[in-house]
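See structure below.
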Amino acid sequence: MTAEPKGVLTGTHELSGSQACAEGALAAGCRFLCVYPIVPAKDVSERFFARAKEVGATFVQMEDEISALAVVLGASWTGKKSMTVTSGPGFSLMMEHVGLGVMLETPCVIIDIQRVGPSEGLPNSPSQGDIMQARWGSHGDYEVIALSPNSPQEMFNLTIKAFNLSEKYRTPVMIMSDAAVARMKEEVIIPPANQIKIEPRRYFKGPKEKYLPYKWGEDLVPPMVNIGEGYRFHVTGLTHNEKGYPVMSDECQELNVHRLVNKIRRNAEKIVEVEENKTDDAEIIVVSYGITSKVALKAVDQARKNGIKVGHLRLITVWPFPDKRISELAKRTRGFVVPEMNYGQIAFELERCSHGEANVAFVHCKGKEVDDLKNIFHAIRNLLTEKTGREEIIEYRNE
Amino acid sequence: MSTEMSKEERHPIESWLRMDRIPHIWCPGCGIGTTLTAVIAALEKIEANPDEVCVVSGIGCTGRAAGYLKFDSFHTTHGRAIPFATGIKLANPKLKVMVISGDGDLVAIGGNHFVHAARRNIDLTVICVNNFIYAMTGGQVAPTTPLTAYSTTSPYGNFEPPANIPRLAEAAGAVYVARWTALHVRRLTKSIVEAIQKPGFSVVEVISPCAQYYSRINRLGDGLDMMKFYHQNSLIKHMEPTENLDIQYQEQIIVGKFVDRERVPFTELQKEGCN
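The structure is reproduced here in structure tokens:
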């Protein structure tokens, strides 16, 4: 299936990351946006609202982010592709309904334009401080899918991908962007509608009386139906059986949550997307995602010029994490350097997946100094000297 | 119930219920069952197409209503039934969307959503079962517990001023507001009919006995005693100003239809706003 032409603004446009995100959603077939205003996420909703009329999309602004995501979940069950957009404090409020979305297996997309926290923090400064919250923020056990774009073009592409993944795996999918990528402007190429692949919702096709909301097949993803089509189904946020009825037993909980977790874990290899650059012969691999990957790439180039074998791995999907690939690389590299705009979140994942076979050096990137390569350099040098005793290796030159 | 039973032997509202979920979890003497019967009677009366009815509930005793009604139905999170229902209604305005939930769910944790859905005039029918207590969690003080009443978290008598739900609904913008007790089945049914047919945000409060917690902790007897109390102490006063509708502990309860006015529903405004 390809995109509905009505939502696709085919051509080359100068767009900010936020605008590209809204265009990606419209191109993906998103026809319902519900938000609560917040900086810096508001730019996405403003673009969507402005385009809603010509595309025929519905939008509404709620009284808080808790209700905004609840509205999105409700709308999704009518068959409309639905989305919400938020930043830091709003993302925290949405955690309640991330859980409900996972439990009801409701396709939807949550865009988080990360800003500096905790609490109100620095509303206009970019951050990557919500990465672990995306993974663990709602209570209980579950798995999520989260993508991390590093340019306006990717904001467009990955928003479409997020919708496709949410339909394929029947789960909320997050775009973990940040204020820097959201505000960055560049030429974004929007292809013709017939070149944009769309994952259609997987509907139940059997007779109405046979429909069971949570009867799954081999791929662990049960087919859906829309409200108002006569299926007269019930779903609940409580532990439920395949009929969707609450069952208060440990056995049912095991069966239910096992599958919710496994439908992502077992497909992790298919979902995970990374971009590798010069990792084949690398002694050190810089692992980054989102805005910091732009800086990391520069640092890698400069180190290579200095004769240091440094590679780069960029996480395009942050969750699920590329466990397998990182473990492989850990066996044949000295260490990982992990620059992040937080106090170390994905760095922990690198440590976990290295199983002690490679050192991990976390580099804290401060908001406005995100483009400063110096710290990444020092981390590369320290890792090398620690392992090899080679003192001379690199001098940082600010070009 | 056996499938071999003849049609005549079936309960008249069986086709509207998920019979594979019966018996329900509600206690003897509870008023939620009566409320559900009134909801079904109202839908039958207006010959509603059950395929186009959608019920959303929050969490709590009344929150279980969605699970027993045989419509497309959602048992959601605590306090968020109204926003979930809002999403459904806005994305498919053809549906008749009802929210059936308790006083704690709708007025405490969901109070903000209640106020703003009424302000926007989202076309929803809200049935609020008010039993004066948090019953599912074992009898804690609720936003509706009358002054001086006991609960597990008001062991010296409640000193928190309770909410007046009709007044809150009216002030926030609801177009239809009524209050009945679980005793007033016929009048309650009529109000639910009117509420469903009214375009916009309608609220029907149902004062309901909680024999297990509220009555027991306050030594008010069982469900039947509460019904007798409603019988002796309810006063029907249609169009009574909602400021007079505060409920005092074991005193007269004013019931009736208090608000029935015209305001353009949100979906209409949205259509106009987009043109």
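Each protein sequence line maps, in turn, to chains L and G.
Counted the way this note's numbering counts, the first sequence spans residues 1 to 399.
Counted the way this note's numbering counts, the second sequence spans residues 400 to 674.
Note that the Cβ used here is the ideal one computed from N, Cα and C, for glycine as well.
Model, not experiment: these values are computed from the prediction.
Return the chain-ordered list of same chain residues with a C-beta closer than 7 Å to the C-beta of residue i, the five sequence neighbours on each side being excluded.
i, result
"Val360 (chain L)", "Gly335, Phe336, Val338, Ala347, Leu350, Glu351 and Ser354"
"Met132 (chain L)", "Gln345"
"Met400 (chain G)", "Because the pLDDT of Met400 (chain G) is 49, which lies under 50, any placement of that residue in the model is unreliable, and the number read from its coordinates should be weighed accordingly. Met418, listed in sequence order."
"Ser45 (chain L)", "Leu33, Val35 and Val85"
"Gly230 (chain L)", "Lys208"
"Pro37 (chain L)", "Gln61"
"Ser327 (chain L)", "Cys353 and His355"
"Val257 (chain L)", "Asp141"
Select from the options the residue whose C-alpha is nearest the C-alpha of residue i.
i, options, result
"Arg265 (chain L)", "L:Val221, L:Tyr289 and L:Ser151", "L:Val221"
"Ala437 (chain G)", "G:Ala447, G:Ile652 and G:His583", "G:His583"
"Ile532 (chain G)", "G:Lys670, G:Thr433, G:Met418 and G:Ile616", "G:Ile616"
"Lys331 (chain L)", "L:Val188, L:Gly356, L:Gly344 and L:Gly307", "L:Gly356"
"Ala432 (chain L)", "L:Gly11, L:Glu283 and L:Pro149", "In the structure as shown, chain L starts at 1 and stops at 399, and residue 432 (chain L) therefore has no counterpart that could be examined."
"Glu650 (chain G)", "G:Gln631, G:Glu667, G:Arg660 and G:Asp659", "G:Gln631"
"Arg618 (chain G)", "G:Val540, G:Tyr549 and G:His637", "G:Tyr549"
"Gly478 (chain G)", "G:Leu468, G:Gly457, G:Tyr612 and G:Leu435", "G:Gly457"
"Pro246 (chain L)", "G:Val506, G:Glu667, G:Lys469 and G:His474", "G:His474"
"Ala134 (chain L)", "L:Val98, L:Cys252 and L:Pro149", "L:Val98"
"Lys488 (chain G)", "G:Leu435, G:Thr666 and G:Tyr612", "G:Thr666"
"Val528 (chain G)", "G:Ser414, G:Gly655, G:Thr580 and G:Lys493", "G:Thr580"
"Glu120 (chain L)", "L:Ile110, L:Val55, L:Ser92 and L:Ile145", "L:Ser92"
"Ile376 (chain L)", "L:Gly307, L:Glu328, L:Ser288 and L:Glu386", "L:Ser288"
"Val272 (chain L)", "L:Ala303, L:Lys161 and L:Asp281", "L:Lys161"
"Ala81 (chain L)", "L:Asp219, L:Val300 and L:Lys168", "It should be noted that the sequence gives Lys, not Ala, for residue 81 (chain L). Measuring from the Cα of Lys81 (chain L), the nearest candidate turns out to be L:Lys168."
"Tyr211 (chain L)", "L:Glu218, L:Gly217, L:Pro223 and L:Asp219", "L:Pro223"
"Thr624 (chain G)", "G:Gly430, G:Glu413 and G:Val592", "It should be noted that the sequence gives Asp, not Thr, for residue 624 (chain G). Taking only the C-alpha atoms, the option nearest Asp624 (chain G) is G:Gly430."
"Pro542 (chain G)", "G:Ala507, G:Ala573 and G:Ala571", "G:Ala507"
"Thr476 (chain G)", "L:Ser76, L:Ser67 and L:Gly79", "L:Ser67"
Spatial neighbours of residue i within its chain, please: CB distance less than 6 Å, with the 5 preceding and 5 following residues excluded, ordered by chain position.
i, result
"Pro664 (chain G)", "Asn520, Asp522, Pro598 and Gly599"
"Pro213 (chain L)", "Phe233, Val235 and Gly244"
"Gly237 (chain L)", "Leu100 and Met103"
"Thr641 (chain G)", "Pro565, Arg566, Glu569 and Phe657"
"Asn428 (chain G)", "The displayed chain sequence assigns Gly, not Asn, to residue 428 (chain G). Pro608, Ala610, Asp621 and Gly622."
"Ala20 (chain L)", "Pro152, Met155, Phe156 and Val188"
"Leu165 (chain L)", "Ile145 and Val173"
"Met535 (chain G)", "Gly459 and Cys460"
"Ala18 (chain L)", "With the sequence shown as reference, residue 18 (chain L) is identified as Ser, and Ala is not the correct amino acid for it. For Ser18 (chain L), where only same-chain residues beyond five positions count, the Cβ hits under 6 Å are Asp43, Val44 and Ala182."
"Lys469 (chain G)", "Trp415, Leu416 and Arg417"
How is residue i classed by DSSP in three states: helix, strand or coil?
i, result
"Tyr533 (chain G)", "strand"
"Leu93 (chain L)", "helix"
"Glu399 (chain L)", "In this predicted model, Glu399 (chain L) has a pLDDT of only 49, less than 50, meaning its place in the structure is not dependable enough to derive any value."
"Trp136 (chain L)", "helix"
"His515 (chain G)", "helix"
"Thr385 (chain L)", "helix"
"Met224 (chain L)", "strand"
"Gly577 (chain G)", "The identity of residue 577 (chain G) in the sequence shown is Ala, whereas the question assumes Gly. Correct three-state label for Ala577 (chain G): strand."
"Met625 (chain G)", "helix"
"Pro492 (chain G)", "coil"
"Tyr467 (chain G)", "helix"
"Met400 (chain G)", "Low local confidence applies: a pLDDT of 49 at Met400 (chain G) is under 50, so the model's placement there is unreliable, with the coordinate-based value given in what follows. Note: Met400 (chain G) maps to coil in three-state DSSP."
"Leu388 (chain G)", "Chain G is shown from 400 up to 674; residue 388 (chain G) falls before or after that span and cannot be answered."
"Phe473 (chain G)", "strand"
"Phe483 (chain G)", "helix"
"Thr86 (chain L)", "strand"
"Ala373 (chain L)", "Looking at the sequence shown, residue 373 (chain L) is not Ala but Leu. The answer is coil: DSSP assigns Leu373 (chain L) none of H, G, I, E or B."
Ignore the nearest five residues each way along the sequence and tell me which others in residue i's own chain have a CB closer than 8 Å to its CB.
i, result
"Ile595 (chain G)", "Ala441, Leu442, Ile445, Ala447, Lys495, Met497, Thr524 and Ser601"
"Thr12 (chain L)", "Glu187, Val188, Ile189 and Ile190"
"Thr292 (chain L)", "Gln128, Pro339, Glu340, Met341, Cys365 and Val370"
"Val295 (chain L)", "Ser288, Pro339, Cys365, Val370, Asp371, Asp372, Leu373 and Ile376"
"Leu73 (chain L)", "Ser82, His97, Leu100, Gly101, Leu104, Thr106 and Cys108"
Examine the Cβ distances between the stretch 446-454 of chain G and the stretch 599-615 of chain G and report whether three or more of them are shorter than 8 Å. no
Every unbroken alpha helix (DSSP H) inside the stretch 316-369 of chain L [4 residues or more]: 323-332 and 346-354
Counting pairs of Cβ atoms below 8 Å between the stretch 27-34 of chain L and the stretch 76-91 of chain L, do you hit three or more? yes
Any chance the stretch 304-318 of chain L sits against the stretch 361-376 of chain L, with 3 or more Cβ pairs inside 8 Å? no
Below 8 Å, how does it come out for the stretch 125-142 of chain L and the stretch 173-182 of chain L: are there three or more Cβ pairs, yes or no? Here the stretch 125-142 of chain L lies against the stretch 173-182 of chain L, with 3 or more beta-carbon pairs under 8 Å apart.
Of all the beta strand (DSSP E) runs that stay within the bounds of the stretch 254-297 of chain L, which reach a length of 3 or more residues? 274-277 and 284-288
Which runs of the alpha helix (DSSP H) at least 4 residues long sit entirely within the stretch 105-172 of chain L? Give them in chain order. Fully enclosed alpha helix (DSSP H) runs of no fewer than 4 residues occupy 131-136 and 152-169 of the stretch 105-172 of chain L, in order along the chain.
Contact between the stretch 195-215 of chain L and the stretch 133-141 of chain L (3+ Cβ pairs under 8 Å): Taking 8 Å as the limit for Cβ pairs, the verdict is that the stretch 133-141 of chain L does not touch the stretch 195-215 of chain L.
Can you find at least 3 beta carbon pairs, one from the stretch 508-518 of chain G and one from the stretch 622-639 of chain G, that sit closer than 8 Å? The stretch 508-518 of chain G is not in contact with the stretch 622-639 of chain G.
At least three beta-carbon pairs within less than 8 Å, the stretch 466-483 of chain G to the stretch 254-274 of chain L: no
For the stretch 561-616 of chain G, which segments carrying the alpha helix (DSSP H) assignment without a break, of at least 4 residues, lie completely within its bounds, in sequence order? If we require 4 residues or more, the alpha helix (DSSP H) runs fully inside the stretch 561-616 of chain G come out as 564-571, 584-596 and 613-616.
What residue ranges within the stretch 29-55 of chain L form continuous beta strand (DSSP E) runs of no fewer than 3 residues, ordered along the chain? 30-35
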